[in-house]
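As structure tokens, the structure follows; a few thoughts come after it.
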Amino acid sequence: MKAWLAERSPRDRAVLLGGGALVLLMLAWAWVWHPLAESRTRLEARVAAAEADLAWMRGASAEVQRLRATAGGAGLDRAGRSLLALADTSARDAGLGPALTRVEPVNETRVNVWFERASFDTVATWLETLALRYGVAVDEIAADRVEGVGLANVRVTLVDAPQ
Numbered sequence: 766m767k768a769w770l771a772e773r774s775p776r777d778r779a780v781l782l783g784g785g786a787l788v789l790l791m792l793a794w795a796w797v798w799h800p801l802a803e804s805r806t807r808l809e810a811r812v813a814a815a816e817a818d819l820a821w822m823r824g825a826s827a828e829v830q831r832l833r834a835t836a837g838g839a840g841l842d843r844a845g846r847s848l849l850a851l852a853d854t855s856a857r858d859a860g861l862g863p864a865l866t867r868v869e870p871v872n873e874t875r876v877n878v879w880f881e882r883a884s885f886d887t888v889a890t891w892l893e894t895l896a897l898r899y900g901v902a903v904d905e906i907a908a909d910r911v912e913g914v915g916l917a918n919v920r921v922t923l924v925d926a927p928q
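The working numbering runs 765 ahead of the 1-based position in the sequence shown.
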């Protein structure tokens, strides 16, 4: 390569060396600088989005804390009833008494409840009421459709929601 370059005139050598240097600079820009600059721009956008998400989460967390404080004990007053008693009486109060077949405690904070040929809409409303008024959460639910409009055999596992 050196011999070939030495055979060229000084002007050709300068043009070839200058062109080679220019090609090297363009390759360095295309393979190194440009991808890094684009990556930095993408990362800056992700950081900005993450910061916006964090700000929203902090606001939502403050709102949740405020709602917990205002709901306080009044929304979760069970009048000393256990989860088992609460599930039984509230299901009967919701009109699910005829469909209620079994209420079985798993432990102090967990209860299984079975309904046969229950109105699924009524069961869903009952579960929502338990969650909102008493802080009871649904851990598992299984529903099998039965003959009749809106009827189902339902098995629900209720748990005391963490406060």
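Just so you know, even glycine gets a beta-carbon here, dropped at the ideal spot from N, CA and C.
field: Minimum C-alpha distance to Gly913 - residue among Gly845, Arg882 and Ala844
entry: Residue numbering aside, residue 913 sits at position 148 when the sequence shown is read from its first letter. The shortest C-alpha separation from Gly913 is found at Arg882.
- prompt: Ala864: which of Arg920, Arg776, Gly785 and Leu792 sits nearest, CA to CA?
  reply: Locating residue 864 in the sequence shown gives position 99, where the first residue counts as 1. Out of Arg920, Arg776, Gly785 and Leu792, Arg920 has the C-alpha closest to the C-alpha of Ala864.
- prompt: Taking C-alpha atoms, which residue in Ser847, Leu832, Trp798 and Val888 lies nearest to Ala859?
  reply: Position 94 of the sequence shown, counted from the start, is the residue given in the question as residue 859. It is Val888 whose Cα lies nearest to the Cα of Ala859.
field: Beta-carbon proximity list for Arg778, same chain, < 7 angstroms, skipping 5 on both sides
entry: Working through the sequence shown from its first residue, we reach residue 778 at position 13. Same-chain partners within the cutoff: Leu770.
Cβ neighbours of Gly838 in the same chain (closer than 6 angstroms, five flanking residues each side left out): Working through the sequence shown from its first residue, we reach residue 838 at position 73. The predicted position of Gly838 is uncertain, since its pLDDT is 47 and thus under 50; a value taken from the coordinates is nonetheless stated next. Leaving aside the five residues that flank Gly838 on each side, none in its chain has a CB nearer than 6 angstroms to its CB.
message: So the candidates are Leu781, Phe880, Ser804 and Val924; which of them puts its Cα closest to the Cα of Arg910?
response: As a first step, residue 910 is located in the sequence shown; it is residue number 145 there, counting from the start. Of the candidates Leu781, Phe880, Ser804 and Val924, the one whose C-alpha sits nearest the C-alpha of Arg910 is Phe880.
query: Which class does Arg843 belong to by DSSP, given the choice of helix, strand or coil?
result: Residue mapping note: residue 843 aligns to position 78 of the sequence shown, counting from 1. Under the three-state reduction of DSSP output, Arg843 falls in the coil class, being neither helix nor strand.
query: If we count Cβ pairs, one from each stretch, closer than 8 angstroms, do we get three or more for the stretch 841-850 versus the stretch 863-877?
result: Three or more Cβ pairs closer than 8 angstroms define a contact, and the stretch 841-850 meets that threshold against the stretch 863-877.
task: Leaving aside the five residues before and after Thr874 along the sequence, list all residues of the same chain whose C-beta is less than 8 angstroms from its C-beta, in chain order.
output: On the sequence shown, residue 874 is found 109 positions in, with the first residue counted as 1. Hits under 8 angstroms: Leu848, Val924 and Asp925.
query: Whose C-beta lies closer than 6 angstroms to the C-beta of Ala908 among residues of the same chain, with five residues either side of it excluded?
result: Here residue 908 corresponds to residue number 143 of the sequence shown, with the count starting at 1. If you ignore the 5 residues before and after Ala908, its C-beta comes within less than 6 angstroms of the C-beta of Ala917 and Val919, all in its own chain and listed in chain order.
message: In the DSSP output, which residue or residues are listed as bridge partners for Trp891?
response: By one-based count along the sequence shown, residue 891 stands at place 126. Partner(s): none; Trp891 has no beta bridge.
Start-to-end residues for the beta strand (DSSP E) that takes in Arg875: Translated into positions along the sequence shown, residue 875 becomes position 110. Looking at the DSSP string, the run of the beta strand (DSSP E) that includes Arg875 is Arg875 to Ser884.
message: Just verifying my parser: in three-state terms, what is the DSSP assignment at Leu923?
response: Residue 923 sits at position 158 when you count from the first residue of the sequence shown. Looking at Leu923 - three-state DSSP - the assignment turns out to be strand.
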